[in-house]
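**Student:**
Residue numbers (the numbering used here): 720 to 783.
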């Protein structure tokens, strides 16, 4: 659904936003694309939408 890449202090990070249709939730995954000194970084966050009144500008994403 969404992908973004940035370089911060010689590290390359990527952000992926995934829509989980069965649970009506957005999942954000942030990860390092380059391992530096054996330290790979990763983070996962979720935003539940089941009680929110979300407005989709291009329509709600379809299930794949």
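Cβ atoms here follow ideal geometry from the backbone N, Cα and C, with glycine treated the same way.
These numbers were taken from a predicted model, which means no experiment stands behind them.
If you drop the 5 nearest sequence neighbours on each side, which residues of the same chain put their C-beta closer than 6 angstroms to that of residue 743?
**Tutor:** Working through the chain shown from its first residue, we reach residue 743 at position 24. These residues qualify, in order along the chain: 768 and 769.
**Student:** Here's a check: name, in chain order, each residue in its chain whose Cβ is nearer than 6 angstroms to the Cβ of residue 766, leaving out the five neighbours to either side.
**Tutor:** Position 47 of the chain shown, counted from the start, is the residue given in the question as residue 766. Counting only Cβ-Cβ distances below 6 angstroms, and skipping sequence neighbours, we find 745.
**Student:** Using a 10 Å radius around the Cβ and a threshold of 16 neighbouring Cβ atoms, would you call residue 762 buried or exposed?
**Tutor:** Stepping through the chain shown from its first residue, residue 762 is reached at position 43. So residue 762 counts as exposed.
**Student:** Looking at the structure shown, is residue 745 part of a helix, part of a strand, or coil, going by DSSP?
**Tutor:** Position 26 of the chain shown, counted from the start, is the residue given in the question as residue 745. Residue state, collapsed to three classes: strand.
**Student:** My understanding is that residue 732 touches residue 750, with C-beta atoms under 8 angstroms, so please give their C-beta distance in whole angstroms.
**Tutor:** Taking the first residue of the chain shown as position 1, residue 732 is located at position 13. Taking the first residue of the chain shown as position 1, residue 750 is located at position 31. With 8 angstroms as the limit, residue 732 and residue 750 qualify as a contact, their Cβ atoms being about 7 angstroms apart.
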